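Q: Before we start, here is the structure in question, set down as structure tokens.
2 protein chains.
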Amino acid sequence: MSSEEQQRLLFRDAMASLPAAVNIVTTQGKAGRCGITATAVCSVTDTPPTLLVCVNRKSAMNPVFEQNGKMCINVLSHEQEEMARHFAGMTDLAMEQRFMLNGWRDGVLKQPVLQNALASLEGEIQQIQSIGTHQMYLLEIRHITIAQEGHGLIYFRRKFHATPHQELIA
Amino acid sequence: MSSEEQQRLLFRDAMASLPAAVNIVTTQGKAGRCGITATAVCSVTDTPPTLLVCVNRKSAMNPVFEQNGKMCINVLSHEQEEMARHFAGMTDLAMEQRFMLNGWRDGVLKQPVLQNALASLEGEIQQIQSIGTHQMYLLEIRHITIAQEGHGLIYFRRKFHATPHQELIA
């Protein structure tokens with residue numbers, strides 16, 4: 045194994061140690077409808093409200109995201125692990141079948157919004173940048189839906205977990 | 045309250061629903077030594093291993109990061125909440141006092157590495173971009189240290205939590 049390949053594997057192990065929220069990033073428009081489970085979602089600024097999403101360039105969804113120019117970030121609750129598995133391609137459900145499952149509706153920007161997600165943020169893609177193997181999307185948020193309750197779904201050490209019910213006490 | 049301000053507050057509420065790993069981002073070099081607690085850290089690509097960090101432009105640490113050109117991302121364990129509070133400015137410890145606490149050592153790139161962090165990733169800043177209120181840093185990782193065990197520290201609904209001990213079962 046090359047030292048570059050070793051460094052890549054070590055980096056992946058380090059990233060497995062970084063607890064991350066699980067999201068389904070969706071799009072709908074003239075180029076079609078699709079979605080992908082993603083943990084590489086990050087808040088950038090609240091002025092204007094902007095999120096960042098990284099998607100592997102190998103994904104066939106990139107041209108759909110680009111052409112539609114819009115996305116919705118659905119932040120999953122701990123009850124939505126099964127949906128996360130479908131959109132991560134861990135099951136054999138085809139894309140259109142995934143959207144036929146209960147829970148999907150069209151949002152204000154006509155993006156696929158998952159009911160009972162902790163938060164759904166619809167926005168317009170402002171910038172796309174290629175970095176190594178990934179496309180980085182900057183999404184300016186136009187409409188937000190928030191669930192008042194529910195625990196989060198996180199991915200940590202290559203497994204799904206629910207956010208704990210008890211907070212730490214300093 | 046203006047509708048822009050309302051949208052900002054709504055966005056912040058939505059971000060409070062996005063569980064995030066807690067990190068201390070440090071730097072050391074000719075411009076000095078400092079660090080800041082940050083949740084806006086995201087994996088971008090493993091080729092080359094690259095992380096992204098967003099820091100508020102108001103922070104006096106930005107010129108230090110820029111001039112040193114290097115950073116270390118320390119992914120905190122659930123036992124490091126107190127350190128997270130110090131570097132978030134939630135206590136009255138001055139910057140240099142924070143680094144005098146037990147646990148800090150110089151890494152391979154001479155960046156401040158926190159012992160027993162789940163992972164510490166030292167790297168070189170490849171790109172800086174201003175987006176709204178924040179500076180976005182792209183950090184190419186050169187050296188990685190990983191702890192084999194330990195639970196993560198997450199920030200969710202404006203409180204610290206430990207990653208749960210039990211995984212979900214699909």
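If you read the protein sequences in the order shown, they are chains G and F.
Here the first sequence stands for residues 45 to 214, where the numbers follow my numbering.
Here the second sequence stands for residues 45 to 214, where the numbers follow my numbering.
For every residue, glycine included, the Cβ atom is placed at its ideal position computed from N, Cα and C.
Quantities reported herein were computed from a predicted structural model and do not represent experimental measurements.
#1: Using 8 Å as the cut-off, can you tell me whether the stretch 192 to 204 of chain F makes contact with the stretch 124 to 133 of chain F, which would need three or more C-beta pairs spanning the two stretches below that distance?
#2: By the 10 Å Cβ neighbour count, where 16 or more other Cβ atoms means buried, how is M134(F) classified, buried or exposed?
#3: Can you give me the C-alpha to C-alpha distance between I188(G) and E193(F), rounded to a whole angstrom?
#4: Rounded to whole angstroms, what is the Cα-Cα separation between A214(F) and K203(G)?
#5: Residues in its own chain within less than 8 Å of L183(G) by CB, not counting five upstream and five downstream?
#6: Restricting to Cα atoms, I'd like to know which of S46(F), L62(F), Q50(F) and D57(F) is closest to T207(G).
#7: So Q179(G) and N106(G) are supposed to be a Cβ contact under 8 Å. How far apart are they, rounded?
#8: Taking 8 Å as the CB-CB cut-off, is Q159(F) touching chain G?
#9: Check distances from the C-beta atoms of the stretch 51 to 67 of chain G to those of chain F and list, in chain order, the residues that come in under 7 Å.
#10: For the stretch 75 to 93 of chain G, which residues have a beta carbon sitting closer than 9 Å to at least one beta carbon of chain F?
#11: Against chain G, with Cβ distances strictly below 8 Å, would F200(F) count as a contact?
#12: Quick check: what's the CA-CA separation for G113(F) versus K154(F)?
#13: Hey, D90(G) and R56(F): beta-carbon distance below 8 Å or not?
#14: Is there a C-beta anywhere in chain G that falls below 8 Å from the one on G196(F)?
#15: Could you pull the DSSP bridge partners for P156(G) from this structure?
#16: Give me the chain G residues within the contact set of C116(F), using Cβ-Cβ distance strictly less than 7 Å, ordered along the chain.
#17: Of all the CB atoms in chain G, is at least one closer than 8 Å to the CB of H130(F)?
#18: DSSP state of L145(F), grouped into three classes?
#19: Would F131(G) pass as a contact of R77(G) if the rule is Cβ separation under 8 Å?
#20: Ordered along the chain, which non-local residues of its own chain (more than five positions away) have a Cβ less than 8 Å from that of N160(G)?
#21: Would you check if the distance between the CB atom of A104(G) and the CB atom of T83(G) is smaller than 8 Å?
#22: Strictly under 8 Å for the Cβ-Cβ distance: is M180(F) near chain G by that measure?
#23: May I have the straight-line CA-CA distance separating D150(G) from L137(F), to the nearest angstrom?
#24: Give the range of the beta strand (DSSP E) segment to which V97(F) is assigned.
#25: Which residues in the same chain as A58(G) place their Cβ atom closer than 6 Å to its Cβ, once the five residues preceding and following it in sequence are excluded?
#26: Please list the partners that V119(G) has in chain F, where partner means a Cβ-to-Cβ separation under 8 Å.
#27: Using a beta-carbon distance below 8 Å, is T71(G) in contact with chain F?
#28: When the distance is taken between beta carbons, is T71(G) closer than 8 Å to V108(G)?
#29: Does L96(F) come within less than 8 Å of chain G when only Cβ atoms are used?
#30: Reducing DSSP to helix, strand and coil, say where T61(F) ends up.
#31: Give the secondary structure of A214(G) by DSSP, where H, G and I count as helix, E and B as strand, and everything else as coil.
#32: Counting only beta-carbon atoms, is A163(F) nearer than 8 Å to chain G?
#33: Along chain F, in chain order, which residues have C-beta atoms closer than 8 Å to that of G176(G)?
A: Let's see:
#1: yes
#2: exposed
#3: 37 Å
#4: Residue placement at A214(F) is flagged as unreliable, the pLDDT there being 47, under the threshold of 50; a coordinate-derived value is accordingly withheld.
#5: The answer, listed in chain order, is T94, L95, L96, V97, M115, I117, L165, G167, E168, I169 and Q170.
#6: L62(F)
#7: Contact between Q179(G) and N106(G) holds: CB atoms are separated by about 5 Å, below the 8 Å threshold.
#8: Not flagged as an interface residue toward chain G: Q159(F), since no C-beta distance is shorter than 8 Å.
#9: Q51, R52, L54, F55, R56, D57, A58, M59, S61, L62, P63, A64 and A65
#10: Against chain F - using a Cβ distance shorter than 9 Å - the residues of the stretch 75 to 93 of chain G are T83, A84, V85, C86, S87, V88, T89, D90, T91, P92 and P93.
#11: yes
#12: 12 Å
#13: yes
#14: yes
#15: D150(G)
#16: Chain G residues near C116(F): none, gap ~12 Å exceeds 7 Å.
#17: no
#18: coil
#19: no
#20: S121, E123, Q124, G147, A191 and G194
#21: no
#22: yes
#23: 49 Å
#24: P93 to N100
#25: none
#26: Going along chain F in sequence order, the residues near V119(G) (Cβ under 8 Å) are A58, S61 and L62.
#27: no
#28: yes
#29: yes
#30: Just to set this straight, residue 61(F) is Ser in the shown sequence, not Thr. Under the three-state reduction of DSSP output, S61(F) falls in the coil class, being neither helix nor strand.
#31: Unreliable placement is indicated for A214(G), whose pLDDT of 47 sits below 50; the coordinate value is still reported in the next sentence. In the structure shown, A214(G) sits in coil (DSSP, three-state: anything other than H, G, I, E or B).
#32: Yes, because at least one Cβ of chain G sits closer than 8 Å to the Cβ of A163(F).
#33: V88, T89, D90, T91, P92 and T94
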